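Before any comments, here is the structure.
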Amino acid sequence: MNIVKKLFVQSMIISTSILFLNGINMVIQHFAGNDLTLQWFHPVSIILTAVLCSLPTILLRDSDQWDRKTFWRRVPLHCLSLYTVVAGAGWLFGWYDSVESWISVTIIFFIIYVFVWLSCHWLDKQDEKKINHALDTIRDPE
Amino acid sequence: MRVRFEQVESKEQESALIRATEKTTDILNAIDLLENGSGGITVTKDRSTYFCKLTQIYYAESVDKHTYIYTKGNCYESRDRLYELEEKLGIYYVRISKSMIVNLRKVRNVSAEPGGRMVAVLLNDERVIISRSYVKEIKRRLGIQ
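For the protein sequence lines, the chains are A and B, in the order given. Here our numbering is used: the first residue of the first sequence is 1, the next is one more, and so on. Here our numbering is used: the first residue of the second sequence is 1001, the next is one more, and so on.
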């Protein structure tokens, strides 16, 4: 996929996800008796953050052709750049109302980041099993 | 399965229709045999021309606009470009990267690596890299949903 198209699709996915999660949170908070309101710059800041979050993807270009060494060098770099965007946008747009909320966002960020990579690897392992099973039935004798 | 043979008058009229509930390995093998026969391709090595049986091919690789065919212990050159070979070879010869086609019958196993790529170990212990974008096609060729 063309890199510009990839970045655009990612921006859309990230902004939609943030708006969706925010929406769910606002509904829950409403029924819990705490009405939350969005400020005028919140929707724009979400879209801007999504665009910025998609940029570190450039670091993962051709990731399926990397050897292990390159993988373990690039992924932490990607993780840190993504975190810089999230933390920076949060600070710039005043998303954190206390140090505790910044710490909790930081912890959640790293948990989600590791979870996404592990999930992808787990799915790849499932493919590996299926392919190996199918190869067993067609393999030429050694 | 009932098999019916019907004689036709010309090569152009030849066709085969397989009616089955699902595409099993046996059916895929039959399709492979009917489409490609047990034929081969013409290859060269040290200015000599050889006939290489399809069943001997482990993988084909394109390097600097040259196409090389690898068998268990030999390497030959082919006049065909990789995309032409892709059409000539059977369903088990599948593209695994921009510059390589592998014979799935010669793959001992595959293992997924972090990042989405896979490493295939061939029957001659060579290791080749499968790019993530080609895994879907490999699954399709193997009849995996």
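For every residue, glycine included, the Cβ atom is placed at its ideal position computed from N, Cα and C. Because the structure is a prediction, the values reported are computed rather than measured.
{"query": "Straight-line gap, Cys79/A to Arg1047/B (C-alpha atoms, nearest Å)", "result": "53 Å"}
{"query": "Gly1143/B - containing beta strand (DSSP E), residue span", "result": "Per DSSP, Gly1143/B belongs to no beta strand (DSSP E) and is neither H nor E."}
{"query": "Spatial distance of Val85/A from Thr106/A (CA atoms)", "result": "12 Å"}
{"query": "Supposed close pair Ile1101/B, Leu1085/B - CB separation, criterion 8 Å", "result": "6 Å"}
{"query": "Chain A contacts from the region 1094-1112 of chain B (Cβ-Cβ distance under 8 Å)", "result": "Ser1097, Leu1104, Arg1105, Lys1106, Val1107, Arg1108, Asn1109, Val1110, Ser1111, Ala1112"}
{"query": "Cβ neighbour criterion (16 or more within 10 Å) applied to Cys53/A", "result": "buried"}
{"query": "C-beta atoms of Leu36/A and Met26/A nearer than 8 Å", "result": "yes"}
{"query": "C-beta atoms of Leu1054/B and Gly1039/B nearer than 8 Å", "result": "yes"}
{"query": "Where the alpha helix (DSSP H) through Thr57/A begins and ends", "result": "No alpha helix (DSSP H) holds Thr57/A; DSSP gives it neither H nor E."}
{"query": "Chain A contact for Leu1142/B (CB, 8 Å cutoff)", "result": "yes"}
{"query": "Residue-level contact to chain B via CB, Lys130/A, 8 Å cutoff", "result": "yes"}
{"query": "C-alpha distance - Ala32/A paired with Gly23/A, whole-angstrom precision", "result": "14 Å"}
{"query": "Endpoints, beta strand (DSSP E) assigned at Ala32/A", "result": "Here Ala32/A belongs to no beta strand (DSSP E), and DSSP marks it neither H nor E."}
{"query": "Sub-8 Å separation of Thr45/A and Phe93/A beta-carbons", "result": "Position check: residue 45/A holds Ser in this sequence, whereas Thr was assumed. In contact: Ser45/A and Phe93/A (Cβ atoms closer than 8 Å)."}
{"query": "Under the three-state DSSP convention, the category Ala1112/B falls into", "result": "strand"}
{"query": "Boundaries (first-last residue) of the alpha helix (DSSP H) holding Phe109/A", "result": "99-138"}
{"query": "Phe71/A: contacting residues in chain B (beta-carbon distance under 8 Å)", "result": "Glu1113, Pro1114, Gly1115"}
{"query": "Proximity to Thr137/A [Cα-Cα], best of Tyr1093/B, Gly1143/B, Arg1081/B, Ala1020/B", "result": "Gly1143/B"}
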